[in-house]
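Trainee:
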Amino acid sequence: MEVELTEAQIEQLEKQNKRMVSNFEASKLEREAKKHWDKFYMRNTTNFFKDRHWTEREFPELASENLTIIELGCGVGNFIFPILEANKSASGFSCDFSPRAVDFVKNRAKDEGLEGRLLTFTADLTLNDWLKNVTEKPRSSSSSPQFTLTST
Ligand SMILES: C[S@@+](CC[C@H](N)C(=O)[O-])C[C@H]1O[C@@H](n2cnc3c(N)ncnc32)[C@H](O)[C@@H]1O
1 MEVELTEAQI EQLEKQNKRM VSNFEASKLE REAKKHWDKF YMRNTTNFFK DRHWTEREFP
61 ELASENLTII ELGCGVGNFI FPILEANKSA SGFSCDFSPR AVDFVKNRAK DEGLEGRLLT
121 FTADLTLNDW LKNVTEKPRS SSSSPQFTLT ST
């Protein structure tokens with residue numbers, strides 16, 4: 001379907017394009033993403049994102065018995081902790097490339113007695129080796145795991 005843009009929309013698009021970063025800046029930001037996210041968690045600690053308590057309502061499959069969930073780009077755990085709290089038979093893996101974020105998740109898991117159900121590790125998803133951390137089960141007994149991926 002072809003859409004005719006109005007003069008105002010064309011003007012708006014041209015204005016936006018002027019604000020685009022150069023290829024050089026874009027690849028620098030890409031290369032330094034890990035450093036920037038880690039600084040983000042240094043500044044905001046656990047106060048920026050809020051726990052998401054609506055995910056179990058949106059995705060009823062998250063209530064499955066013995067669910068194993070993996071969160072890629074977990075930040076400080078605002079997605080995975082509410083799921084582990086709501087589904088007592090669930091366990092999971094979570095990773096992020098920000099070491100600070102991973103420390104926050106590990107500390108919270110310890111404080112909430114969830115260490116046996118959540119294995120958290122540092123990994124850059126653009127590299128190929130992160131999956132090796134998911135071979136170990138976060139707990140000793142679990143039947144056929146169901147993996148749920150969340151996007152970063
Ligand atoms: C918008 S935050 C979302 C955090 C979390 N998923 C949540 O729902 O609260 C995106 C997260 O993805 C992480 N991230 C971005 N690119 C990544 C990569 N290549 N490898 C690992 N983590 C990444 C960032 O460090 C950040 O914590």
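Going by the UniProt record's numbering, the first residue of the sequence shown is number 1, and it counts up by one from there. Where a beta carbon is used, it is the ideal one built from N, C-alpha and C, also for glycine. Computed from a predicted model, the values in this text were never measured in an experiment.
#1: Pull up the distance between the alpha-carbon of Cys95 and that of Cys74, whole angstroms please.
#2: Is Thr126 near ligand 1, going by C-beta to nearest heavy atom under 6 Å?
#3: Below 8 Å, how does it come out for the stretch 1 to 14 and the stretch 83 to 92: are there three or more Cβ pairs, yes or no?
#4: What residue ranges within the UniProt domain "Methyltransferase" (64 to 115) form continuous alpha helix (DSSP H) runs of no fewer than 4 residues, ordered along the chain?
#5: With C-beta atoms as the reference, is Arg117 less than 7 Å away from Leu72?
#6: Does ligand 1 have even one heavy atom less than 6 Å from the beta-carbon of Gly75?
#7: Classify Val76: buried if its beta carbon has 16 or more other beta carbons within 10 angstroms, exposed otherwise.
#8: To which residues of the same chain is Asp38 closer than 6 Å at the C-beta, ignoring the five residues directly before and after it?
#9: Taking only three categories from DSSP, how would you classify Thr122?
#10: Can you say whether Ile10 is buried or exposed, counting buried as having 16 or more other CB atoms within 10 angstroms of its CB?
#11: When burial is assigned at 16 or more other CB atoms within 10 Å of the CB, is Leu29 buried or exposed?
#12: Rounded to the nearest angstrom, what separates Ala26 and Glu14 at their Cα positions?
#13: As a quick exercise: from Asn133, Glu115, Leu114, pick the residue whose alpha carbon is nearest that of Ala123.
Mentor: In brief:
#1: In the sequence shown, the residue the question calls residue 95 occupies position 95. In the sequence shown, the residue the question calls residue 74 occupies position 74. Spanning the two alpha carbons is a distance of roughly 6 Å.
#2: Within the sequence shown, the letter at position 126 stands for residue 126. Result yes, Cβ under 6 Å from ligand 1.
#3: no
#4: 80 to 86, 99 to 111
#5: The residue given as residue 117 occupies position 117 in the sequence shown. The residue given as residue 72 occupies position 72 in the sequence shown. The answer is no: Cβ separation not under 7 Å.
#6: Along the sequence shown, read from residue 1 onward, the residue named residue 75 stands at position 75. Yes, the Cβ of Gly75 comes within 6 Å of a heavy atom of ligand 1.
#7: Reading the sequence shown from its first residue, position 76 is the one you call residue 76. By the neighbour-count rule (16 or more Cβ atoms within 10 Å), Val76 is buried.
#8: Locating residue 38 in the sequence shown gives position 38, counting from the first residue. So the list reads Ser98, Arg100, once near-sequence residues are dropped.
#9: Counting from one through the sequence shown, the residue named residue 122 turns up at place 122. Correct three-state label for Thr122: strand.
#10: Here the question's residue 10 lines up with position 10 in the sequence shown. Looking at its Cβ environment, which holds fewer than 16 other Cβ atoms inside 10 Å, Ile10 is exposed.
#11: One-based indexing of the sequence shown puts residue 29 at position 29. Exposed, by the Cβ-count rule.
#12: One-based indexing of the sequence shown puts residue 26 at position 26. One-based indexing of the sequence shown puts residue 14 at position 14. Cα to Cα, the separation comes out at about 19 Å.
#13: Counting from 1 along the sequence shown, the entry for residue 123 is found at position 123. For Ala123, the nearest C-alpha among the options comes from Asn133.
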